[in-house]
Each structure stands twice: as C-alpha cells, then as structure tokens.
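Visitor: Below you will find the structure I want to go over with you.
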Amino acid sequence: MTYRLMLVLLLMLMPPVMPSTLAQDDDALTDEDLELIAYVSDSFTNLLQMSSVTIEGSLNFLTEFQSDEQSILQSVDSELMYNLLLEDARILALQMTSVQEAESRVEPGLDTTLNLSMELRFVDGVSYLRIYDLPLLLAIFLSDDWINLNEDDGYPPELEVFSSEQLDFLASIGGLGNYYTERTVTSIEERPEETLEDGTTTRVFSVEVDPTQAFSGLEETLRITLGLSEYSVGPVRFKYVILPTMTFNAVIWVDSATDLVAQVQVEWEIDSELESVDAPPADFHFVLSAILAYTDFNEEVEIIAPDLGE
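When you read off a place in the sequence shown, starting at 1, and then add 1, the result is the number in the working numbering.
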C-alpha cells in the first residue's frame, strides 16, 4: 500500500500531457470562464518561476472492492511535506516526508493497521527512499536504511512498480500538478474572497475537471496506483470504461497579492463495476481527498543525496 501512496503523491506533482482537443464543446465555457481558468492556470505556472517552494498538507485515500465472494477495503491517511528546488521550470531536486496510517480489511477474516514514516529524495536524477518508524514485526524484514530506487536490486519487491518510468518522468516534470487549463476544466466558479490562517488574502475558485483530459498520458500510472492491475483490469478497459466514471473536483485559493497558488483542496472519486476473465465481477469504489498549502517561495533549501546505509 505504501507504493500506491507514493504514486498518488507523484500524480499530485505530475503535469497532464495535454491532448490536441478541448475537454468540452466550444460553447460550454463563457469568455469570463476562460479568463478565470487562465488566471488559475497561471497561478500554477508562476510557481515554476520560483527557485524553491514548500508544499505541505494531508492526503487521504480509500479503495474498496466488493464481490459476491470477498470484500477488500484499503485506506491511507497521510500528513506530508514536499521541499522542491526548481530550475528552468523543472524540478531540480525534491525531498518528501510523510507520516501515514494505513488500514486494510479483507472479509472474511483479516484486518491490519500499519503506521510508518517515509522520506523520498530526488537528487541529480536519482531517487532515494527510507521507510522508518516501522512496527517491530515489519522492521525485522524491512530495513529503515536509505535505498537507491534507481538500482534494479535496490528496493523491496513490493516497490518494484515505483521504479524506472515513474522516476524518470519525475525528472522531466514540466509543472506542479496544473490540471486546471482550458483543455481540462469543464466548469469554474469564483467564490467570495477568503483570508487564510496565515493572513493571506485569496481569490477562491471551485473547479470541475474532466479526468479523461487531465490524466491523458498518465492513465497507466493511475491504473497501477488504484491497484486495478492486480484485478486484471487492462489499460484499454481502464482508459475507456473506468476512467470516464471518475469525478475530479477542486477548490483553489490564489494569493491576491502575488497571483501564486496558496492552497488547493482536491477530491477524486470513482464508482465502477469491474469485469475480468480472471476474477469475479466486483464493484469498485475509490476516493482521494487532499488539501495542500504552498509556502516558503524562493527560500534557501538544501537537498542532498543521503549516505546509503545510514
């Protein structure tokens, strides 16, 4: 379950690969809507002009499979913080720490709860991972030392899905999760102005996004993240049958003084029926909710590669 959380965290940072067609009919959005979308999109693009940024908040997700034979429920509640160094509108280095509680319930007969912490660093094109504060029984089998995720034998088998393409893509990121563009947004509404806890005055926007456009080019990452590959749901069925059932809603706070995104609250949800030749039919439910605050722009931050084995 830990690797799925890490993939979710990557998806929060990855930019969509935009298709050549719009997500909606030309008449669906007004000129005023398009102006608001451009303003929100620019608030993310403006982040790329910063030399550094900190993103901090919480992320929770739940997946549930329900068939006549079995019920499987998995959930993760995570507190997390990213430090990012940027150069030429790309991520130069990243440090992410997360404290999480994961629960799994398989009926009939098996409930488990797992509390742990992890840190991920990306430096000079190499990704490093350390999982620590492990329960005693798990600590016997899994070291809390740093490991190099770019090496084929440098990580446990359960993290194998997190290697190669995922981390290579992270190295060439061109945005910080800007899913809010003319091509992806289906509706937008500006709310009354709000002042955040730190005193920041913000413009506030409610946004609905077309997931088939927002995740164009990232369908396989999302399919793996949701665990659907384990249920023999192939890429084609996921892209054309399951993904269109997804809803993607967000509330975005933009600093009125700097026009930089200050806070984002998102919710992704899927309700779908799964069919597979290798497994009985099942109902699938997925919910992700997150709230992230963006602070410490252009602060001096040092992110270095860890000493392996420390």
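Where a beta carbon is used, it is the ideal one built from N, C-alpha and C, also for glycine.
Comparing alpha-carbon positions, which option in L30, Q71, S79 lies nearest F62?
Guide: Measuring from the Cα of F62, the nearest candidate turns out to be S79.
Visitor: Rounded to the nearest angstrom, how far is the Cβ of I304 from that of Q50, given a contact under 8 Å?
Guide: The Cβ separation is near 19 Å, so there is no contact.
Visitor: For a quick check, are the C-beta atoms of D145 and L117 less than 7 Å apart?
Guide: No, they are not a contact pair.
Visitor: Is there contact between the stretch 217 to 224 and the stretch 186 to 204, where contact requires at least three CB pairs shorter than 8 Å?
Guide: No contact exists between the stretch 217 to 224 and the stretch 186 to 204.
Visitor: State the DSSP-derived secondary structure class of A39, mapped to helix, strand or coil.
Guide: Three-state result, A39: helix.
Visitor: In three-state terms, what does DSSP make of D297?
Guide: DSSP places D297 in coil when its eight states are reduced to three.
Visitor: Pair every Cβ in the stretch 70 to 87 with every Cβ in the stretch 199 to 217, then say whether three or more of these pairs are closer than 8 Å.
Guide: Result no; under three Cβ-Cβ pairs closer than 8 Å.
Visitor: I'd like to check one pair, I38 with E183: are the Cβ atoms closer than 7 Å?
Guide: Closer than 7 Å, so yes.
Visitor: How long is the line joining the alpha carbons of F285 and E65, rounded to whole angstroms?
Guide: For F285 and E65, the distance between alpha carbons rounds to 6 Å.
Visitor: Determine, using beta carbons only, whether S76 and L261 come nearer to each other than 7 Å.
Guide: No.
Visitor: Is it buried or exposed for D308, if we count other Cβ within 10 angstroms and need 16 for buried?
Guide: So D308 ends up on the exposed side.
Visitor: What did DSSP end up calling T222 once you bin it into helix, strand or coil?
Guide: Helix at T222.
Visitor: According to DSSP, is I253 part of a helix, a strand, or is it coil?
Guide: DSSP places I253 in strand when its eight states are reduced to three.
Visitor: Find the nearest neighbour of A306 within the set D34, I73, L48, L93, judged by alpha-carbon distance.
Guide: Out of D34, I73, L48, L93, L93 has the C-alpha closest to the C-alpha of A306.
Visitor: Going by the beta-carbon positions, is the gap between I225 and M247 smaller than 7 Å?
Guide: No, the pair does not count as a contact, with Cβ atoms beyond the cut-off.
Visitor: Any idea if A291 is buried or exposed, counting beta-carbon neighbours within 10 angstroms, 16 or more meaning buried?
Guide: Classification of A291: buried, given that the 10 Å Cβ count is 16 or more.
Visitor: Do you know how far the Cα of G58 is from the Cα of T296?
Guide: Answer to the nearest angstrom: the Cα atoms are 11 Å apart.
Visitor: For N179, count the other beta carbons within 10 Å of its own beta carbon; 16 or more makes it buried, fewer makes it exposed. Which is it?
Guide: Answer is buried; the Cβ neighbour count reaches 16.
Visitor: I think A29 touches T202, with their Cβ atoms under 8 Å apart; what is that distance to the nearest whole Å?
Guide: Not quite, the Cβ-Cβ distance comes to about 31 Å (not below 8 Å), so this is no contact.
Visitor: Within 10 angstroms of the Cβ of F239, are there 16 or more other Cβ atoms? Answer buried if so, exposed if not.
Guide: It is buried - the Cβ of F239 has at least 16 other Cβ atoms within 10 Å.
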